[in-house]
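Participant:
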Amino acid sequence: MRRLCVIGDPIEHSKSPLIQNAMIEAAGLDFVYDARRVAGADTARWLEQAKKEGYAGFNATMPHKEHLVPLVDVLSADAAQYRSVNTVCIREGKTYGHSTDGVGFAQALREAGMEPEGKRVLVLGAGGAAKAVVLKLAQAGAARIAVANRTADRAARLCALTGTDRAQPGPFDTEALKRQAEGAHIVVNCTSLGMTGVAGQFEDLSFLRELGADAGVYDLIYSPAKTALLERAEQLGLKTANGLGMLVWQGVYALEHFAGTKLDGAALAAAARKALEGET
Ligand code: NAP
70 MRRLCVIGDP
80 IEHSKSPLIQ
90 NAMIEAAGLD
100 FVYDARRVAG
110 ADTARWLEQA
120 KKEGYAGFNA
130 TMPHKEHLVP
140 LVDVLSADAA
150 QYRSVNTVCI
160 REGKTYGHST
170 DGVGFAQALR
180 EAGMEPEGKR
190 VLVLGAGGAA
200 KAVVLKLAQA
210 GAARIAVANR
220 TADRAARLCA
230 LTGTDRAQPG
240 PFDTEALKRQ
250 AEGAHIVVNC
260 TSLGMTGVAG
270 QFEDLSFLRE
280 LGADAGVYDL
290 IYSPAKTALL
300 ERAEQLGLKT
310 ANGLGMLVWQ
320 GVYALEHFAG
330 TKLDGAALAA
340 AARKALEGET
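Counting in our numbering, the sequence shown runs from 70 upward without gaps.
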């Protein structure tokens, strides 16, 4: 049995062991996956320990994703662009850092019937998750990406990172959101507004009325399964999906990296969803 785990602090809430073990079983792989609490100051120490203990790899969540960037031996193109690593493979003592957040998001978006190529997209938020989302949307050929964020310079920095003027920062107040939503095909919520255990909700959801009739709303949040944003979008007859797909697909791609081979993604995603359903 080859060992895998997820590291983070806190880590108790992580769904990764449940998802990964379900997929490992479905794929018939020889891995065992658990969770380890590793403090933020200990990323480098953990990397050495993981090699010594014979780990085949690990996933990383807060606060290690950025710390790992300068520590791994080889960085994938996505990880280098996002300056974030969520998957580390260890082969013959060498460490390979990947980020599967962007590809996971892109696959989940397509699965939800929201193909971004040539589309106008409104992204709400400019934090860590928004970075992978915005950069992947730019890469996937979105025609316009409006990034609305409460803290203006964070949105401006994120748009600059894309290296294209198709991404434009904007404010987060009600009137500005309405302007930015006008004629948009897809809205992606990357803020924590509406998330279980986090104070704060959207003050006003009237910007959803400005979207085109065939538009879709993707909320990165999956707990609760239906946020107020998704509820309102559904009432308006828009396509909706929560962040479960992104969570599941970033895990599928991580497992492909660990296994070093392409796997049956749809079957693995189905196994992960089943495990998650069984839990609630
Ligand atoms: P983060 O880096 O802390 O960013 C939080 C974002 O929310 C920032 O843009 C922040 O704006 C905004 N925000 C927070 N409170 C706000 C308020 N009261 N009003 C307006 N904006 C507010 O967090 P993150 O890691 O990007 O995560 C964001 C969300 O995505 C979380 O709900 C997380 O669970 C979810 N997520 C889901 C997946 C998945 O697989 N489905 C993956 C990653 C993250 P400022 O810049 O102004 O602070």
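Beta carbons: idealized from backbone N, C-alpha and C, even for Gly.
Please name the residue or residues paired with Leu144 in a DSSP beta bridge.
Facilitator: Along the sequence shown, one-based indexing puts residue 144 at 75. Partner(s): Gly166.
Participant: What span of residues does the beta strand (DSSP E) with Arg72 cover, start to end?
Facilitator: Here residue 72 refers to the residue found at position 3 of the sequence shown. That run of the beta strand (DSSP E) goes Arg71 to Gly77.
Participant: Over the uninterrupted alpha helix (DSSP H) stretch that includes Asn90, give me the two end residues.
Facilitator: Position 21 of the sequence shown, counted from the start, is the residue given in the question as residue 90. Element bounds for Asn90: Ser85 to Ala96.
Participant: Over what stretch of residues does the beta strand (DSSP E) that includes Val256 continue unbroken?
Facilitator: Against the sequence shown, residue 256 aligns to sequence position 187. Counting along the chain, the beta strand (DSSP E) containing Val256 begins and ends at Ile255 to Asn258.
Participant: Helix, strand or coil for Asp288, going by three-state DSSP, please let me know.
Facilitator: Within the sequence shown, residue 288 is the residue found at index 219, counting from 1. Residue state, collapsed to three classes: strand.
Participant: Rounded to whole angstroms, what's the CA-CA distance from Leu191 to Arg223? Just pull it up for me.
Facilitator: As a working note, residue 191 is residue 122 in the sequence shown. As a working note, residue 223 is residue 154 in the sequence shown. So the two alpha carbons sit approximately 16 Å from each other.
Participant: Is the CB-CB distance between Ala217 and Leu178 below 8 Å?
Facilitator: The sequence position of residue 217 within the sequence shown is 148, counting from 1. The sequence position of residue 178 within the sequence shown is 109, counting from 1. No.
Participant: In whole angstroms, give me the CA-to-CA distance for Ala221 and Phe241.
Facilitator: Translated into positions along the sequence shown, residue 221 becomes position 152. Translated into positions along the sequence shown, residue 241 becomes position 172. Their Cα atoms are separated by approximately 8 Å.
Participant: Thinking C-alpha only, which one of His133, Leu345 and His167 is nearest Leu144?
Facilitator: By 1-based counting over the sequence shown, the position of residue 144 is 75. The residue with the shortest Cα to Cα distance from Leu144 is His167.
Participant: Quick check on the burial criterion: 16 or more other C-beta atoms within 10 angstroms. Buried or exposed for His82?
Facilitator: One-based indexing of the sequence shown puts residue 82 at position 13. With fewer than 16 Cβ atoms within 10 Å of its Cβ, His82 is classed as exposed.
Participant: If the criterion is Cβ atoms closer than 8 Å, does the pair Val75 and Ala119 meet it?
Facilitator: Here residue 75 refers to the residue found at position 6 of the sequence shown. Here residue 119 refers to the residue found at position 50 of the sequence shown. Their beta carbons are not under 8 Å apart, which means Val75 does not touch Ala119 by this criterion.
Participant: Could you tell me the boundaries of the alpha helix (DSSP H) in which Gly320 lies?
Facilitator: Position 251 of the sequence shown, counting from 1, holds the residue named residue 320. Looking at the DSSP string, the run of the alpha helix (DSSP H) that includes Gly320 is Leu313 to Ala328.
Participant: Using C-beta distances below 6 Å, list every residue in its chain close to Leu332, excluding the 5 sequence neighbours before and after it, in chain order.
Facilitator: In the sequence shown, counting from the first residue as 1, residue 332 sits at position 263. The answer, listed in chain order, is Ala96 and Glu325.
Participant: Got a sec? Which residues, its chain only, sit under 7 Å from Met183 by beta carbon, not counting five neighbours each side?
Facilitator: Taking the sequence shown and counting its residues from 1, the one referred to as residue 183 is at position 114. So the list reads Ile255, Gly285, Tyr287 and Lys308, once near-sequence residues are dropped.
Participant: With distance defined between alpha-carbon atoms, name the residue in Asp78, Ala341, Gly263 and Val154 nearest to Ala91.
Facilitator: As a position in the sequence shown, residue 91 is number 22, starting the count at 1. Of the listed residues, the one whose Cα sits closest to Ala91 is Ala341.
Participant: Would you kindly report the start and end of the unbroken beta strand (DSSP E) that includes Asp103?
Facilitator: Your numbering for residue 103 matches position 34 in the sequence shown. It spans Phe100 to Arg106 - the beta strand (DSSP E) in which Asp103 sits, taken as one unbroken run.
Participant: Is any heavy atom in the ligand NAP found nearer than 7 Å to the beta carbon of Ile290?
Facilitator: Here residue 290 corresponds to residue number 221 of the sequence shown, with the count starting at 1. For the ligand NAP, at least one heavy atom lies less than 7 Å from the Cβ of Ile290.
Participant: Give me the Cα-Cα distance between Val138 and Leu305, rounded to the nearest whole angstrom.
Facilitator: As a position in the sequence shown, residue 138 is number 69, starting the count at 1. As a position in the sequence shown, residue 305 is number 236, starting the count at 1. Going by the C-alpha atoms only, they are around 42 Å apart.
Participant: Identify the residues that DSSP records as bridge partners of Lys308: which are they?
Facilitator: Translated into positions along the sequence shown, residue 308 becomes position 239. Bridge partners of Lys308: Gly285.
Participant: For Gly281, collect the residues of the same chain with a Cβ closer than 8 Å to its Cβ; drop the 5 residues on either side in sequence, then sort them by chain order.
Facilitator: In the sequence shown, the residue the question calls residue 281 occupies position 212. The answer, listed in chain order, is Gly252, Ala253 and His254.
Participant: Out of Leu274, Glu244, Lys188 and Ser275, point me to the one whose CA is closest to Ala236's CA.
Facilitator: Residue numbering aside, residue 236 sits at position 167 when the sequence shown is read from its first letter. For the residues Leu274, Glu244, Lys188 and Ser275, the minimum Cα distance to Ala236 belongs to Lys188.
Participant: Assuming Leu262 and Gln270 are in contact, meaning their beta carbons sit under 8 Å apart, how far apart are those beta carbons, in whole angstroms?
Facilitator: Taking the sequence shown and counting its residues from 1, the one referred to as residue 262 is at position 193. Taking the sequence shown and counting its residues from 1, the one referred to as residue 270 is at position 201. About 6 Å separates the two Cβ atoms, so the contact holds.
Participant: Would you give the residue range spanned by the alpha helix (DSSP H) that Thr243 belongs to?
Facilitator: Residue mapping note: residue 243 aligns to position 174 of the sequence shown, counting from 1. First-last of the alpha helix (DSSP H) with Thr243: Thr243 to Ala250.
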